[in-house]
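Asker:
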Amino acid sequence: MALSKKMEKILNAQVEKEAYASQLYLSMATWAEVQGYEGISLWFYAQAEEERVHMMKFIHYINERGGHAIVPALQQPPVDYKGVKAVFDAPLEHEQMVTAAINDIVALSLQEKDFTTNNWIQWFVAEQLEEESSVQAIIDKLAM
Ligand code: FEO
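The sequence shown begins at -15 in this note's numbering and counts up by one.
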């Protein structure tokens, strides 16, 4: 069964969120690299790659289910950050927003009885838990 128009739309909105997350982390990576924070920049470069993989998963899923995945225009992410703490607070906030968006997709899948999407999106439910806790762990370490 093909995706509903409503589901296709919310999944395409998620393509944009994942793509923006990738650009945001890339911007943080290049900022950290320029500041000389080598380890931090490597972490953000790796996150940027992961978010691109997430975006690709959504693109392939939408097309596989009879929809049309749209490559979005993106806003420019912030260029400068006030310091190491600021550069880690922003991703936590961003990941919490992404988790809420994933939860909205779960809710719609249940409402529409689209159990294929419900099953598929569970990978992201688990991934968000992991991402939020890994960013939180870094923030906790920085606070120490
Ligand atoms: Fe793809 Fe970090 O959410």
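Glycine included, every Cβ here is placed at the ideal spot set by N, Cα and C.
1. Considering only heavy atoms of the ligand FEO and the C-beta of each residue, which residues fall inside 6 angstroms, strictly closer?
2. Please list the terminal residues of the continuous alpha helix (DSSP H) segment that includes Glu34.
3. Does the region 48 to 60 touch the region 78 to 90, meaning 3 or more C-beta pairs lie closer than 8 angstroms?
4. Looking only at C-alpha atoms, which of Trp107, Val(-1) and Ala3 sits nearest to His52?
5. Alpha carbon to alpha carbon, how far is Met81 from Thr101?
6. Is any non-hydrogen atom of the ligand PLP found closer than 7 angstroms to the C-beta of Ala(-3), if you look at the structure I gave you?
7. For Ser(-12), does the three-state DSSP call read helix, strand or coil?
8. Could you pull the start and end residues of the alpha helix (DSSP H) that Asp88 belongs to?
9. Would you report the Cα separation of Leu58 and Ala3, rounded to the nearest angstrom?
10. Compute the Euclidean distance between the alpha carbons of Val129 and Met128, then round it to the nearest angstrom.
11. I need the straight-line Cα distance from Lys125 to Pro61, nearest angstrom please.
12. Could you say which of Asn103, Val68 and Lys97 lies nearest to Val119 if we only look at CA atoms?
Answerer: According to the structure shown:
1. Glu2, Ala5, Glu35, His38, Glu79, Val82 and Glu115
2. Within the sequence shown, residue 34 is the residue found at index 50, counting from 1. It spans Glu22 to Glu48 - the alpha helix (DSSP H) in which Glu34 sits, taken as one unbroken run.
3. no
4. Sequence index remark: in the sequence shown, residue 52 carries index 68 (1-based). Measuring from the Cα of His52, the nearest candidate turns out to be Val(-1).
5. Position 97 of the sequence shown, counted from the start, is the residue given in the question as residue 81. Position 117 of the sequence shown, counted from the start, is the residue given in the question as residue 101. If I take the Cα positions, the gap works out to 20 angstroms.
6. Looking at this structure, you won't find the ligand PLP anywhere; what it does contain is the ligand FEO.
7. By 1-based counting over the sequence shown, the position of residue -12 is 4. Looking at Ser(-12) - three-state DSSP - the assignment turns out to be coil, as it is neither helix nor strand.
8. Locating residue 88 in the sequence shown gives position 104, counting from the first residue. First-last of the alpha helix (DSSP H) with Asp88: Val68 to Gln95.
9. Against the sequence shown, residue 58 aligns to sequence position 74. Against the sequence shown, residue 3 aligns to sequence position 19. Distance between the alpha carbons of Leu58 and Ala3 is about 8 angstroms.
10. Because the chain spans -15 through 128 in this model, residue 129 falls outside it and cannot be assessed.
11. Counting from 1 along the sequence shown, the entry for residue 125 is found at position 141. Counting from 1 along the sequence shown, the entry for residue 61 is found at position 77. Lys125 and Pro61: Cα-Cα distance of roughly 25 angstroms.
12. Position 135 of the sequence shown, counting from 1, holds the residue named residue 119. If we check each option's Cα against that of Val119, Val68 comes out closest.
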